[in-house]
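First comes the structure, then the notes that go with it.
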Amino acid sequence: MADKEEDRVSEGSATTGAETPEATTASNEETPQEPASIDANLTNNEAPPPPVKGKKIEVLLKATGDAPIMMKKKWVVSQDQTIGWISEFIKKCIKLGTEERLFLYINQTFAPAPDQTVKNLYDCYGSDGKLIIHYCKSQAWG
């Protein structure tokens, strides 16, 4: 019995004496720093970038040049869709013939490859929670 009581006393004193100050100091130092650094980067008027909800990305399609204007300009597209799929979708919506070509541009500057995913383009060129794609029937930029 005496051995059991000594073990309890030694375990209790070792735990409270050695671990409590270090654990308290370490937890006090680590916990406040992480949230403070995240919040310090934002001002009252700024909000963090909107997360991609449910693996969908808002795409804004804008007509350029002689391309017909679509009635609905904002679409929510799966982030795994390719630019080639979006091109075919636009062709169907504006009733473009199979022999007619359609050119797509990101940020009015470059034509993405047909195998590029919407997510990749959104990560690089998305703004205000959406990806803006300009479409036209003849080359406009680049």
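Using this note's numbering, read the sequence shown as starting at 1348 and increasing by one per residue.
Cβ coordinates follow ideal geometry from the N, Cα and C atoms, glycine included.
Computed from a predicted model, the values in this text were never measured in an experiment.
For my contact list, residue i and residue j are in at a C-beta cut-off of 8 Å; report their separation, rounded to the angstrom.
{"i": "Ile1437", "j": "Leu1408", "result": "6 Å"}
What residue from the options has the CA that sits closest to residue i's CA?
{"i": "Asp1462", "options": "Glu1405, Cys1471, Asp1427", "result": "Asp1427"}
{"i": "Trp1432", "options": "Leu1451, Gln1455, Met1418", "result": "Leu1451"}
{"i": "Leu1443", "options": "Lys1402, Tyr1482, Lys1403", "result": "Tyr1482"}
{"i": "Ser1434", "options": "Ile1404, Gly1412, Asn1454, Ala1458", "result": "Ala1458"}
{"i": "Glu1405", "options": "Thr1445, Glu1446, Val1465", "result": "Val1465"}
{"i": "Lys1439", "options": "Met1418, Lys1402, Gly1476, Ile1479", "result": "Met1418"}
{"i": "Thr1445", "options": "Lys1402, Lys1484, Lys1403", "result": "Lys1484"}
{"i": "Gln1455", "options": "Ile1441, Ile1480, Lys1402", "result": "Ile1480"}
{"i": "Ile1441", "options": "Asp1475, Ala1410, Gln1486", "result": "Ala1410"}
{"i": "Leu1478", "options": "Ile1453, Glu1447, Leu1449", "result": "Ile1453"}
{"i": "Glu1447", "options": "Lys1403, Gln1486, Lys1402", "result": "Gln1486"}
Does the beta-carbon of residue i have 16 or more other beta-carbons within 10 angstroms, so that it is buried, or is it exposed?
{"i": "Glu1381", "result": "In this prediction, Glu1381 has a pLDDT of 41, which is less than 50 and means its spatial position is unreliable; what the coordinates show is noted afterwards. Result: exposed."}
{"i": "Ile1416", "result": "exposed"}
{"i": "Ala1414", "result": "buried"}
{"i": "Ala1365", "result": "Residue confidence for Ala1365 is low, a pLDDT of 47 falling below 50, so the modelled location carries little weight and cannot support an answer."}
By the DSSP assignment, the alpha helix (DSSP H) with residue i in it spans what residues?
{"i": "Ile1404", "result": "Careful: Ile1404 lies outside any alpha helix (DSSP H), inside the beta strand (DSSP E) at 1403-1410."}
{"i": "Phe1457", "result": "That residue, Phe1457, is in no alpha helix (DSSP H); it is neither H nor E in DSSP."}
{"i": "Ser1434", "result": "1430-1440"}
{"i": "Asp1413", "result": "Premise fails: Asp1413 is in no alpha helix (DSSP H) and is neither H nor E."}
{"i": "Leu1468", "result": "1465-1472"}
Tell me the residue span of the beta strand (DSSP E) that contains residue i.
{"i": "Ile1479", "result": "1477-1483"}
{"i": "Ser1425", "result": "1421-1425"}
> Taking three-plus beta-carbon pairs below 8 Å as touching, is the region 1465-1472 in contact with the region 1407-1423?
Replying inline: no
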